[in-house]
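A.B. asks: By the count of numbering that gives the first Met the number 0, the sequence shown reaches residue 249 at its end, each step adding exactly one. Quick one: the structure is below, and I'll ask about it shortly.
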Amino acid sequence: MQRCTRSTSSGNEILAQRLASVGRRPKDVQGDGHCGIWAIIDQLHQQGIPATLQSVRGETAAWLSDKEYAWSQFPQDDAKDWATFLEQVGHCGAKGYWVNHHVFAAVACRYDCDLTIVQSMPDATQEHAFVLLSGKKLALALTHAHYTETKQWQGLNMPHGVKPLFIAQLGVQHFLSSELVPTTRRRTGDGTAAAAASTSGQGGINETPTISAAPETPLLPTVRHNRPTRSTSRTGSVVPPTLLPRYTRN
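In structure tokens:
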């Protein structure tokens, strides 16, 4: 399993453009091997949901521990067996282990929300620009007992209606969080606010920054779900068929 390091690749511009298309911008996090987890934590904190490195890693590993049937076909790249995979997911040491998209899918299931991974890899077809992991749909692959267990945990430990999470992936080396892009609004003479371009220092206009509402779920291109090769599994650019819903629950 690769450890995460910071990257200064040309993918920064692509990533910024793709995030801007859904009203967001990159927000960097620590590049200490836990970057994917820090990105999740920041997304939860933006919604006022408490989370720590220990809680996200430890609870995710515990939740996955008896769900090998749904996840073992696509383990972490360097994990020799399921026990090693879980140990790496739950590891909270100084040098963290890289997490792949299956861990993000587990987070989406537990928090019953959509989690979108915006990727920087060039792709003329836009097929891999956005990876949408729907917690509601992914949970349908669980057994009845595990589905019930997960719903009970949600009722006790999380607020109702967690909004979509947006994670950014820079190449295959670094995950980032994201945040809404602020828009500039100015106050008019009658006290109302009107949208305006930035005119700071011109004519004494008093600008009040406000946050515009980004779409909760972006309009994503259709993704063909093929069984990933070793390389695509490593980059996490394909969602495995085993994570798709098998049957309908109310």
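All C-beta atoms in this analysis are idealised placements derived from N, C-alpha and C, irrespective of residue type, glycine included.
Using CA atoms only, rank isn't needed, just tell me which of G35, H44, S9 is closest to V98.
C.D. replies: Taking the sequence shown and counting its residues from 1, one reaches residue 98 at position 99. Minimum Cα distance to V98 is reached at G35.
A.B. asks: Using the beta-carbon count (16 or more within 10 Å), is Q176 buried or exposed?
C.D. replies: Here the question's residue 176 lines up with position 177 in the sequence shown. Reading off the sequence shown, one finds Ser at residue 176, where the question assumed Gln. Buried: at least 16 other Cβ atoms inside 10 Å.
A.B. asks: Report the option in I13, T182, C108, E126 whose CA atom is closest to the CA atom of Q151.
C.D. replies: Within the sequence shown, the letter at position 152 stands for residue 151. Closest by alpha carbon: C108.
A.B. asks: Measure the C-alpha to C-alpha separation of G10 and P121 and round it to an integer number of angstroms.
C.D. replies: In the sequence shown, the residue the question calls residue 10 occupies position 11. In the sequence shown, the residue the question calls residue 121 occupies position 122. Rounded to the nearest angstrom, the two C-alpha atoms are 8 Å apart.
A.B. asks: In angstroms with no decimal places, state the Cα-to-Cα distance between G30 and G22.
C.D. replies: The residue labelled residue 30 in the question sits at position 31 within the sequence shown. The residue labelled residue 22 in the question sits at position 23 within the sequence shown. Near 24 Å, if we compare the C-alpha coordinates of G22 and G30.
A.B. asks: Going by DSSP in three states, L115 sits in which element: helix, strand or coil?
C.D. replies: Position 116 of the sequence shown, counted from the first residue, corresponds to residue 115. Sequence inspection shows Thr at residue 115; the Leu mentioned does not correspond to that position. In this structure, T115 counts as strand in the three-state DSSP scheme.
A.B. asks: Is it a yes or a no for the segment 45-63 touching the segment 128-144, going by three-plus beta-carbon pairs under 8 Å?
C.D. replies: The segment 45-63 is not in contact with the segment 128-144.
A.B. asks: Let's see if you can read the secondary structure: which residues bound the beta strand (DSSP E) around Q153?
C.D. replies: The residue you call residue 153 lines up with position 154 of the sequence shown. Looking at the DSSP string, Q153 is not in any beta strand (DSSP E); the run it does join, the alpha helix (DSSP H), is 143-156.
A.B. asks: Can you tell which of V102, D113, Q46, A61 has its C-alpha closest to the C-alpha of K135?
C.D. replies: Residue 135 sits at position 136 when you count from the first residue of the sequence shown. Ranking the options by Cα distance to K135, first place goes to D113.
A.B. asks: DSSP on P33, reduced to helix/strand/coil?
C.D. replies: Locating residue 33 in the sequence shown gives position 34, where the first residue counts as 1. The question names Pro, yet the displayed sequence has His at residue 33. Here H33 sits in coil by DSSP.
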